[in-house]
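First up is the structure itself, then whatever we jot down about it.
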Amino acid sequence: MSIMLLKNIDHWVGLCNGTRLVIIKSEKHVIEPKEYDREKFWTENIYSKDDLTLSNYRIPFKFQYKQFFIIIFYAMTINKN
179 MSIMLLKNID HWVGLCNGTR LVIIKSEKHV IEPKEYDREK FWTENIYSKD DLTLSNYRIP
239 FKFQYKQFFI IIFYAMTINK N
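Per the numbering used here: the sequence shown = residues 179 to 259.
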């Protein structure tokens, strides 16, 4: 399944918003995608769900949930240089 990142995870590695990946393994709280980079090599990474905490001073409790910052790709572009 093809996915796209929606959040900057590691800018120095190149895992930024809009990076296209292919999932090779997924579990409940962890996914293992491969990134197809410009040098035509597959690089493997492991991502876990990020914790998000929403709070407001008007309510006495906090909302907390976990989420993958990805979206499913139905078609991937091919860049020919």
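The beta-carbon is built from N, C-alpha and C at its ideal position, and this holds for glycine as well.
- DSSP places V191 outside both helix and strand once states are collapsed to three, so it counts as coil.
- If you look at M182, you'll find it in the beta strand (DSSP E) that goes 180 to 183.
- Each of K227, L232, F251, E205 was checked against the Cα of Q242, and the nearest Cα belongs to L232.
- When secondary structure is reduced to three states using DSSP, S204 falls in the strand class.
- With contacts defined by Cβ atoms closer than 8 Å, D228 and K212 do not form a contacting pair.
- The C-alpha of Y252 is placed about 8 Å away from the C-alpha of I181.
- Looking at R236, G196, N234, H207, the one whose alpha-carbon comes closest to that of I249 is G196.
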